[in-house]
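Peer 1: Residue numbers (our numbering): 15 to 527.
Yeah, the Cβ is synthetic: ideal placement off N, Cα and C, and Gly gets one too.
Computed from a predicted model, the values in this text were never measured in an experiment.
First the structure, which I've put down as structure tokens, then a few questions once you've had a look.
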């Protein structure tokens with residue numbers, strides 16, 4: 015991806031504009047440290063990771079050292095965050111990834127990144143509807159003896175999330191906060207119970223032994239585990255809605271990535287303690303996504319396990335709402351800067367929410383759920399199809415997209431500060447960004463290489479190329495759009511990544527914003 019000097023030489027933002035012309039700015043002062051942290055962490059869906067991602071990684075990859083993987087990935091993402099957080103002090107834009115990439119690599123690259131972000135976060139959000147619908151359907155069957163098709167609760171959730179997306183972001187933060195705190199507490203209770211009543215091998219630290227990270231499955235296990243972190247990088251999306259973005263956004267990013275790394279390392283270790291490191295792989299293969307519930311049933315009883323099943327669902331709802339808010343803000347930023355129709359670049363009423371972007375995400379979710387309801391599970395009669403397809407396809411496409419964005423953003427950080435003549439002052443941050451970028455590129459390569467394993471397709475399946483190709487296609491289309499704008503609408507192209515500041519500059523220059 016080449017740089018675009020006509021865009022990178024634009025005056026960078028040192029602070030967010032206070033100009034609110036024609037509702038082109040999100041409402042400021044809506045989120046403090048707590049609200050922003052909860053909004054970001056909800057996307058990590060801790061209970062879904064502990065109950066779903068961890069057992070799958072143990073079972074499919076056969077890697078006992080998953081706790082150590084979370085530590086390693088936490089270190090890589092801290093390195094990434096050092097430059098990313100510094101960038102957030104200079105650029106405050108709901109477009110986050112693509113705004114940063116625009117400032118470093120130019121508007122054309124930013125347009126490509128914008129479409130990748132829109133596709134990736136939509137894929138992550140919509141993918142959760144599959145497993146959500148499946149789990150709610152199971153709850154109805156178990157506790158109410160009712161047969162409910164998975165797509166009915168999935169559609170109901172899409173509408174509920176869409177309605178919440180129109181409310182003030184601080185209201186959303188309160189909803190997310192309550193659900194997140196309950197999730198975390200339940201996982202902590204399990205962790206304590208596992209340590210208090212370990213398996214036959216006692217409180218073994220074998221899972222942190224570097225020798226456990228050998229074998230062909232390590233690269234793919236990294237792909238599984240990095241998906242558990244997704245959410246921490248969303249903090250800059252809300253920069254315009256905080257009172258002190260240059261302080262709060264970096265603070266929340268570091269709290270999120272370090273907190274997630276420690277929490278998931280301990281929780282995955284607790285799983286190995288509960289079964290014994292020698293048995294964790296075989297037990298995960300036997301129990302699959304039921305591993306956590308199997309272990310809590312034995313240690314904490316059926317009532318706690320029943321509550322865990324219910325909160326597993328509400329945790330997924332929180333993640334869907336968190337990703338929905340991010341998609342809505344990306345659509346708003348893109349509409350404001352001419353990458354989407356202008357209607358998306360307007361806020362809604364007194365809530366100040368990006369209502370049109372919220373409607374777009376809700377519409378995409380409803381359409382895709384209906385498509386899978388009509389075509390996915392009926393030919394085979396397999397009731398787990400929405401989980402195996404909608405969830406795994408959407409989740410892994412989205413994860414690949416975010417990994418690619420983080421890798422490109424790492425390069426953008428380096429170019430941004432070098433072009434500003436700040437390479438010497440920012441030398442250590444540029445070094446950490448470069449190291450993180452190299453690691454993220456390696457993870458992206460592994461992700462594409464092993465996509466058939468990630469989505470449960472055969473090695474000869476066309477899906478191993480078609481599904482990751484969605485991200486490649488989005489990038490190409492975005493780059494083409496950026497090139498066309500640069501040729502035919504240079505003023506629009508010059509605004510890419512500037513956000514509300516562009517309209518402030520127009521106003522100061524005497525233009526009509």
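Is the Cβ-Cβ distance between residue 449 and residue 93 less than 7 Å?
Peer 2: yes
Peer 1: Touching or not, the region 120 to 131 and the region 143 to 159, by the rule of three or more beta carbon pairs under 8 Å?
Peer 2: no
Peer 1: In three-state DSSP terms, what is residue 511?
Peer 2: coil
Peer 1: Going by CA-CA distance only, name the one from 435, 356 and 422 that's closest to residue 131.
Peer 2: 422
Peer 1: Does the Cβ-Cβ distance between residue 57 and residue 329 come in under 7 Å?
Peer 2: no
Peer 1: Less than 7 Å between the beta carbons of residue 213 and residue 290, yes or no?
Peer 2: yes
Peer 1: Given this structure, state the Cα-to-Cα distance separating residue 327 from residue 351, to the nearest angstrom.
Peer 2: 37 Å
Peer 1: For the region 328 to 345 against the region 250 to 257, are there 3 or more C-beta pairs whose distance is under 8 Å?
Peer 2: yes
Peer 1: Excluding sequence positions up to five away, which residues of its chain have a Cβ less than 7 Å from the Cβ of residue 356?
Peer 2: 349
Peer 1: Determine the DSSP secondary structure at residue 362, reduced to helix, strand or coil.
Peer 2: strand
Peer 1: So, does the region 100 to 109 touch the region 472 to 480, judging by three or more C-beta pairs under 8 Å?
Peer 2: Because the criterion of three Cβ pairs below 8 Å is not met, the region 100 to 109 and the region 472 to 480 do not touch.
Peer 1: Excluding the five sequence neighbours on either side, which residues of its own chain have a C-beta within less than 8 Å of the C-beta of residue 160, listed in chain order?
Peer 2: 154
Peer 1: Give the secondary structure of residue 214 by DSSP, where H, G and I count as helix, E and B as strand, and everything else as coil.
Peer 2: Of the three classes helix, strand and coil, the one that applies to residue 214 here is coil, per DSSP.
Peer 1: Leaving out five residues before and five after residue 204 in sequence, what residues of the same chain have Cβ atoms less than 6 Å from its Cβ?
Peer 2: 310
Peer 1: Fully enclosed by the region 45 to 113, which beta strand (DSSP E) runs are 3 residues long or longer?
Peer 2: none
Peer 1: Hey, out of 431, 490, 72 and 414, whose CA is closest to residue 231's CA?
Peer 2: 72
Peer 1: Assign residue 228 to buried or exposed, taking buried as 16 or more other Cβ atoms, counted over all protein chains shown, within 10 Å of its Cβ.
Peer 2: exposed
Peer 1: Short of 6 Å in beta carbon distance, which residues of its chain neighbour residue 425, apart from the five on each side in sequence? Order them along the chain.
Peer 2: 451
Peer 1: What three-state label does DSSP hand residue 491 in the structure shown?
Peer 2: helix
Peer 1: Hey, how far is the Cα of residue 65 from the Cα of residue 497?
Peer 2: 44 Å
Peer 1: Evaluate residue 411 with the Cβ neighbour count: other Cβ atoms within 10 Å of its Cβ, from every protein chain shown; 16 or more gives buried, anything less gives exposed.
Peer 2: buried
Peer 1: For the alpha helix (DSSP H) that contains residue 259, what are its first and last residues?
Peer 2: 259 to 289
Peer 1: Which one of 262, 445 and 312 has the shortest CA to CA distance from residue 211?
Peer 2: Measuring from the Cα of residue 211, the nearest candidate turns out to be 312.
Peer 1: Do residue 128 and residue 353 have their beta-carbon atoms positioned less than 7 Å apart in this structure?
Peer 2: yes
Peer 1: Would you check if the distance between the CB atom of residue 208 and the CB atom of residue 288 is smaller than 7 Å?
Peer 2: yes
Peer 1: Rounded to the nearest angstrom, what separates residue 394 and residue 256 at their Cα positions?
Peer 2: Low per-residue confidence applies at residue 394: pLDDT is 49, beneath 50, and the placement is therefore not dependable enough to give any value.
Peer 1: Closer than 8 Å is the cut-off here; do at least three beta carbon pairs connect the region 371 to 388 with the region 112 to 119?
Peer 2: Segments in contact, no.
Peer 1: In or out: residue 91 buried (at least 16 other Cβ within 10 Å) or exposed?
Peer 2: With 16 or more Cβ atoms within 10 Å of its Cβ, residue 91 is classed as buried.
Peer 1: Is it right to say residue 464 is buried, meaning 16 or more other beta carbons lie within 10 angstroms of its own, or is it exposed?
Peer 2: buried
Peer 1: Taking 7 Å as the threshold (C-beta atoms), are residue 460 and residue 237 in contact?
Peer 2: yes
Peer 1: Please classify residue 31: is it buried, with 16 or more other beta-carbons within 10 angstroms of its beta-carbon, or exposed?
Peer 2: With a pLDDT of 37 at residue 31, under the threshold of 50, the modelled position of this residue cannot be trusted, and the question is left open.
Peer 1: Provide the residue(s) that pair with residue 367 in DSSP beta bridges, ordered along the chain.
Peer 2: 362
Peer 1: Would you decide whether residue 409 is buried or exposed? Buried here means 16 or more other CB atoms lie within 10 Å of its CB.
Peer 2: Result: buried.
Peer 1: With a Cβ-Cβ cutoff of 7 Å, do residue 417 and residue 458 count as a contact?
Peer 2: yes
Peer 1: DSSP state of residue 314, grouped into three classes?
Peer 2: Secondary structure at residue 314: helix, using DSSP grouped into helix, strand and coil.
Peer 1: Got a sec? Which residues, its chain only, sit under 7 Å from residue 265 by beta carbon, not counting five neighbours each side?
Peer 2: Taking C-beta separations shorter than 7 Å and ignoring five residues to either side along the sequence, the partners of residue 265 in its chain run 47, following chain order.
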